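One structure is given below, encoded as structure tokens.
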Amino acid sequence: MTSSDFDAKPTVMLLGAFIGPKPTTDRFVVVINDTPSESSDDQQIDQSSSGVMEEDNKKKKRAASKDIARLALSDLAKYFDLPIVEASRNLKVGLTVLKKKCREFGIPRWPHRKIKSLDSLIRDLQEENRWQQANKDAAEAVAKRKEMLKNEKESIEKTPFLDMKTETKRFRQDVFKRRHKDRVLKNQQALSISPN
Numbered sequence: 000m001t002s003s004d005f006d007a008k009p010t011v012m013l014l015g016a017f018i019g020p021k022p023t024t025d026r027f028v029v030v031i032n033d034t035p036s037e038s039s040d041d042q043q044i045d046q047s048s049s050g051v052m053e054e055d056n057k058k059k060k061r062a063a064s065k066d067i068a069r070l071a072l073s074d075l076a077k078y079f080d081l082p083i084v085e086a087s088r089n090l091k092v093g094l095t096v097l098k099k100k101c102r103e104f105g106i107p108r109w110p111h112r113k114i115k116s117l118d119s120l121i122r123d124l125q126e127e128n129r130w131q132q133a134n135k136d137a138a139e140a141v142a143k144r145k146e147m148l149k150n151e152k153e154s155i156e157k158t159p160f161l162d163m164k165t166e167t168k169r170f171r172q173d174v175f176k177r178r179h180k181d182r183v184l185k186n187q188q189a190l191s192i193s194p195n
């Protein structure tokens, strides 16, 4: 390029590989110059690439490998009630590092969803317990089931690689079916009430 090119109106020029009928988009350098200048192409390219290097310096630093090595199962257990992305953010380690650490401890899947499911079942039982106060036997059965779920939750928090007990899975499925039936009934009632 000559200095006369820079004397013209401001333009944008893309510098990059041009292979075949269409340019490749692997890497382009944008040269912008809105004032006449005697600077060379190399200076323009250096200026535009320095902005890229500044962005690289702003990246987050990784946790030190000695800190990652110190992570214990008890450290992870504090965050089992959170999704794995939030847990990795709170532990200040990357998601991949956290997953590797889980595999080291024998945790195939992050237990957040199991714990969340058990919490939901316990809440449902508490609501059901309010309705069952008149029937003493039913209230006793609900209290027993609630205690079983709490114990299950504690055992999963201690040993997250364990599966839920079959009894808990069946109870959870019964609750899902009951919720579905309630939803269907509400929708049918709403359709029968609404004018056509």
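Note that numbering that gives the first Met the number 0 numbers the sequence shown so that position 173 is 172, with each residue one more than the last.
Here a beta-carbon is modelled for each residue, glycine too, at the ideal position from N, C-alpha and C.
Bear in mind that the values here come from a model prediction, so they are computed numbers and not experimental data.
State yes or no: is the C-beta of Thr118 within less than 7 Å of the C-beta of Val174?
If you number the sequence shown from 1, residue 118 lands on position 119. If you number the sequence shown from 1, residue 174 lands on position 175. Checking the displayed sequence, the identity of residue 118 turns out to be Asp instead of Thr. No, the Cβ-Cβ distance between Asp118 and Val174 is not below 7 Å.
Whose C-alpha, out of Asn134, Gln125, Ala71, is nearest the C-alpha of Gly105?
Taking the first residue of the sequence shown as position 1, residue 105 is located at position 106. The shortest Cα separation from Gly105 among Asn134, Gln125, Ala71 belongs to Ala71.
What would DSSP say about Ala199, mapped onto helix, strand or coil?
Summary: the structure shown does not reach residue 199, with the chain confined to residues 0 through 195, and so no result is reported for it.
Mapping DSSP to helix, strand and coil, what is Asp162?
Mapped onto the sequence shown, residue 162 falls at position 163. Three-state result, Asp162: coil.
May I ask you to report which of helix, strand or coil DSSP gives Ile106?
Locating residue 106 in the sequence shown gives position 107, counting from the first residue. Note: Ile106 maps to coil in three-state DSSP.
Given 8 Å, three or more beta-carbon pairs between the region 90-110 and the region 133-147
no
Confirm, please, whether the CB-CB distance from Phe79 to Gln121 is below 7 Å.
Position 122 of the sequence shown, counting from 1, holds the residue named residue 121. Position 80 of the sequence shown, counting from 1, holds the residue named residue 79. In the sequence under discussion, the amino acid at residue 121 is Ile, which differs from the Gln named in the question. No.
What residues in its chain sit with their C-beta under 6 Å from that of Leu148, if we drop five residues either side in the sequence?
Working through the sequence shown from its first residue, we reach residue 148 at position 149. Closer than 6 Å at Cβ, skipping near neighbours: Leu117, Leu120, Ile121.
Alpha carbon to alpha carbon, what distance is there between Ala189 and Leu81?
Reading the sequence shown from its first residue, position 82 is the one you call residue 81. Reading the sequence shown from its first residue, position 190 is the one you call residue 189. Going from the Cα of Leu81 to the Cα of Ala189 covers about 37 Å.
Give me the Cα-Cα distance between Glu156 and Ala68, rounded to the nearest whole angstrom.
In the sequence shown, counting from the first residue as 1, residue 156 sits at position 157. In the sequence shown, counting from the first residue as 1, residue 68 sits at position 69. Between Glu156 and Ala68, the C-alpha separation is close to 21 Å.
DSSP three-state call for Thr95: helix, strand or coil?
Walking along the sequence shown from the start, residue 95 turns up at place 96. In the structure shown, Thr95 sits in a helix (DSSP, three-state: H, G or I).
Element boundaries [alpha helix (DSSP H), containing Ala71]:
Here residue 71 refers to the residue found at position 72 of the sequence shown. Neither: Ala71 is in no alpha helix (DSSP H) and is coded neither H nor E.
List the endpoints of the continuous alpha helix (DSSP H) containing Leu81.
For the purposes of this step, residue 81 is taken as the residue at position 82 of the sequence shown. Run containing Leu81: none; DSSP gives neither H nor E here.
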